[in-house]
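Asks:
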Amino acid sequence: MPNTSAGMVIGKHRTTIKLFPKHFGCQIQVFPKSVEAKAALERVVTVAHEDSAILLGAVRRVLQKVALDPHHCSEIKDEDFKDNKNSQIVRSPVKVEEIEEMKPFLCTKSEKMCFNRLKEEYMLTGEIGGCPTPVSDHPTADDIRQWAIGYEAIRKY
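Position 113 of the sequence shown, counting from 1, maps to 126 under the working numbering, and the rest follow consecutively.
(1) Excluding the five sequence neighbours on either side, which residues of its own chain have a C-beta within less than 6 Å of the C-beta of T59, listed in chain order?
(2) Can you tell me where the beta strand (DSSP E) holding A61 begins and where it ends?
(3) Please list, in chain order, all residues of the same chain as P152 whose beta carbon is under 7 Å from its beta carbon, the five residues on each side excluded.
(4) Here's a check: name, in chain order, each residue in its chain whose Cβ is nearer than 7 Å to the Cβ of A14, leaving out the five neighbours to either side.
(5) Helix, strand or coil, according to DSSP, for I30 in the structure here?
(6) Go ahead and pull the three-state DSSP assignment for I12.
(7) DSSP on I41, reduced to helix/strand/coil?
(8) Since I67 contacts F37 with CB under 8 Å, what's their CB separation in whole angstroms?
(9) Among all the DSSP beta bridges, which residues are the ones paired with K15?
(10) With hydrogens ignored, establish whether the beta-carbon of A161 is closer than 8 Å to any heavy atom of the ligand ATP.
(11) Which stretch, first to last residue, makes up the alpha helix (DSSP H) that contains T138?
(12) Would the beta-carbon of G20 fall within 9 Å of that of L32?
(13) Should I183 and Y135 be called a contact, given that it needs their Cβ atoms to be closer than 9 Å?
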């Protein structure tokens, strides 16, 4: 990623990067670090976790942070790449506003954590909902409805 975007992932006083292990339980590192980073044009982010759903959620959050960088969508000129004959410029059609609109629909939890969150929501509000992200194995409203029927039957006793 561009060095400027690394600041969006790291955050002021490293606050954003410290939240990744708390929220996702994953390891995250940005390279190069400290002195070398000042001269670097690009940085590398490494995200690690054993559960692929959690890993994908964390990577999705990193990409959201990169996309929110005001310099991320800066105009790229064809002449910047005129020396490379094989170069093709690819511009992302997704705007920052579109990403912001999508945020509520992106599940960043594992299948089990998502299911537990929806169960807790039902117990607190009585509302049945499903995972907003169309990810296989994540709970649908029907899954929560089936669970709620069993839950209510147990509560009556």
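Glycine included, every Cβ here is placed at the ideal spot set by N, Cα and C.
Replies: In brief:
(1) As a position in the sequence shown, residue 59 is number 46, starting the count at 1. Excluding sequence neighbours, T59 sits near Q42.
(2) Position 48 of the sequence shown, counted from the first residue, corresponds to residue 61. Residues 57-61.
(3) As a working mapping, residue 152 is identified with position 139 in the sequence shown. So the list reads C127, F128, L131, G143, C144, once near-sequence residues are dropped.
(4) If you number the sequence shown from 1, residue 14 lands on position 1. Looking at the sequence itself, residue 14 is Met, so the reference to Ala does not match. Excluding positions up to five away in sequence, the list reads E55, R56, V58, V79.
(5) Mapped onto the sequence shown, residue 30 falls at position 17. The answer is helix: DSSP assigns I30 an H, G or I state.
(6) This structure cannot speak to residue 12, because the chain is shown only from 14 to 170.
(7) Within the sequence shown, numbered from 1, the residue matching residue 41 stands at position 28. Here I41 sits in strand by DSSP.
(8) Within the sequence shown, the letter at position 54 stands for residue 67. Within the sequence shown, the letter at position 24 stands for residue 37. Their Cβ separation, rounded to whole angstroms, is 5 Å, which keeps I67 and F37 in contact under 8 Å.
(9) Position 2 of the sequence shown holds residue 15. One point to set straight first is that residue 15 is Pro, not Lys, in the sequence displayed. BP columns for P15 point to E55.
(10) For the ligand ATP, the structure offers nothing, since it holds no ligand at all.
(11) Translated into the one-based positions of the sequence shown, residue 138 becomes position 125. T138 -> alpha helix (DSSP H) spans 124-138.
(12) As a first step, residue 20 must be located in the sequence shown, where it is residue number 7. As a first step, residue 32 must be located in the sequence shown, where it is residue number 19. Their beta carbons are not under 9 Å apart, which means G20 does not touch L32 by this criterion.
(13) No information on residue 183 is available, as it lies outside the stretch 14 to 170 that the chain covers here.
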